[in-house]
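**Q** In the numbering used here, the protein residues as written are 69 to 640. If you scroll down you'll find the structure; I have some questions about it.
Here you go:
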């Protein structure tokens, strides 16, 4: 009777202890959910002192130890779970996971297989254990077997995010990137807060050179963990490879505000990104700092030089560019512009010529700088040098009408009129709608004393302009002035023909003044017309007054015009 009573008392005491201990275990579970693992461990250990055979408490303790990286303690706790209940699949799962994390792949594989053997043939397998098995198979490069295990887990539990992750990892090993990407995306649909899977997805996109998508994923990682500097640097490198300089610089800006001693390669990447993004002020500041580590860095001097140019300190910019041992196309570009700003045009042209030796630049950029070099030499009256570059421009683009016209201008200055005519006729053949081609050709014929043919070209210019008078006022003024001149130089034998000639010339010259009134030569020619009419009819004083008025206007516009002075003196 006493023994029976003692047994009953023992059972009651044990039940009471368990009843009072259960809230402790519930609290530990809640702490694990809150990721307060150290506190959960303390409570579990206290609970297990009086409940050493509670396999669920050991399981909770194993999970908590694993989360804080105490893998030996986690393994011991997981083994205790299996000892207490050799049919508890959660225990095998945690034990295999911890062994895998400890790089004990064979042990993890054996544990997973042992747990799965406990499941009856007609029973569904345990998805978490299948997932761990898949992870161990991946660790021994058995991607096919891993894919089978993870796919089975996915079929049993379609909401198992880790199963899709393992499938993605298997496809990565098999080098089937599109399927890996799809699997990682599916895993993230189930649980979007997985930095590890996001990182894998970003890598997969990067290997496929889908840089925009990879950048989108890295930004998701940083949104979850703004202090993830590894991902920040990967994102910056991604932008750098994609030549998205502004994005690269913006990504690294936060890194550099925190990192006081960044590695040289990262500092170099940031400096180049700022420079390429044309953030010259910031680039110059970073360049000055970079010189502390790399005293002869071409990149640093390049950034400093661009900073000076941006601040319009052209002399300092030139000196900094000279310290760059190997100049790039952009360096020649801004160095030449610095010389130009200092009125050293020949040095500017020579500098740009050096830059043009880089044949890798885009056609439109090369064309633009050939035009710039040619125009500079032309402005310096080095017409042969200018013509050489206009010919190079035509070689790049045989339809560059403006280059033909400018080449003709050079030839006219050299009095090589036949070559000028050929260039202008070629320009017109390629585009018959360009008024300046006709006016240039008209001037060329006038230089050759072929006034009638020249006048015909000016008339063609007027016809081409048609109603676009506002846009082509200068061309219209020139055309009417030169047509008027062509009429003036015609020889007439009778007084009546001469009067008609001067009146016709006056009509053209007045039309010229309608479009541009401030040309001295037009007023001078108009004065001559009136003066000649006055000579034919001296009693008509109005012609004389008109002539005087035009000569006075000529001298207002050109005070040193000797022809106007003499004519005015004769009339007065």
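For every residue, glycine included, the Cβ atom is placed at its ideal position computed from N, Cα and C.
Considering just the uninterrupted stretch of the alpha helix (DSSP H) at residue 434, what are its terminal residues?
**A** 431 to 447
**Q** Note down, in chain order, each residue of its chain lying with its Cβ closer than 6 Å to the Cβ of residue 225, except the 5 sequence neighbours on either side.
**A** 195
**Q** Give the secondary structure of residue 137 by DSSP, where H, G and I count as helix, E and B as strand, and everything else as coil.
**A** coil
**Q** For residue 179, name the three-state secondary structure that DSSP assigns.
**A** helix
**Q** Helix, strand or coil: how does DSSP classify residue 582 here?
**A** Helix.
**Q** Between the alpha carbons of residue 466 and residue 453, how many angstroms are there, rounded?
**A** So the two alpha carbons sit approximately 19 Å from each other.
**Q** I'd like the span of the alpha helix (DSSP H) that includes residue 414, first residue to last.
**A** 413 to 423
**Q** In angstroms with no decimal places, state the Cα-to-Cα distance between residue 527 and residue 611.
**A** Those two C-alpha atoms are separated by around 28 Å.
**Q** First and last residue of the alpha helix (DSSP H) that includes residue 310?
**A** For residue 310, there is no enclosing alpha helix (DSSP H), as DSSP marks it with neither H nor E.
**Q** By how many angstroms is the C-alpha of residue 592 removed from the C-alpha of residue 568?
**A** When rounded, the separation of the alpha-carbon atoms in residue 568 and residue 592 is 19 Å.
**Q** Determine the contact status of residue 186 and residue 155, defining contact as a CB-CB distance below 8 Å.
**A** yes
**Q** Which full runs of the alpha helix (DSSP H) of 4+ residues lie inside the region 82 to 125, going along the chain?
**A** 105 to 118
**Q** What three-state label does DSSP hand residue 625 in the structure shown?
**A** helix
**Q** Assuming residue 153 and residue 123 form a contact by the criterion Cβ under 8 Å, report the distance between their Cβ atoms to the nearest whole angstrom.
**A** 5 Å
**Q** Note down, in chain order, each residue of its chain lying with its Cβ closer than 8 Å to the Cβ of residue 256, except the 5 sequence neighbours on either side.
**A** 229, 262, 265, 266 and 269
**Q** Measuring CA to CA, which of 470, 249 and 515 is closest to residue 480?
**A** Considering only alpha carbons, the answer is 515.
**Q** Roughly how many angstroms lie between the CA atoms of residue 173 and residue 127, to the nearest whole one?
**A** 21 Å
**Q** Determine the DSSP secondary structure at residue 562, reduced to helix, strand or coil.
**A** coil
**Q** Is the Cβ of residue 463 closer than 8 Å to any Cβ of chain D?
**A** No chain D is present in this structure, which holds just one protein chain.
**Q** Just to confirm, are residue 349 and residue 378 a CB contact at a threshold of 8 Å?
**A** yes
**Q** How many Å lie between residue 393 and residue 369 at the Cα?
**A** 10 Å
**Q** Just confirm the distance between the C-beta atoms of residue 407 and residue 424, as a whole number of angstroms; I'd bet it's less than 8 Å.
**A** Rounded to whole angstroms, the Cβ separation of residue 407 and residue 424 is 15 Å, and the two are not in contact under 8 Å.
**Q** Determine the burial state of residue 109: buried for a count of at least 16 other Cβ atoms within 10 Å of its Cβ, exposed for fewer.
**A** Looking at its Cβ environment, which holds 16 or more other Cβ atoms inside 10 Å, residue 109 is buried.
**Q** How many angstroms separate the CA atom of residue 429 from the CA atom of residue 542?
**A** 36 Å
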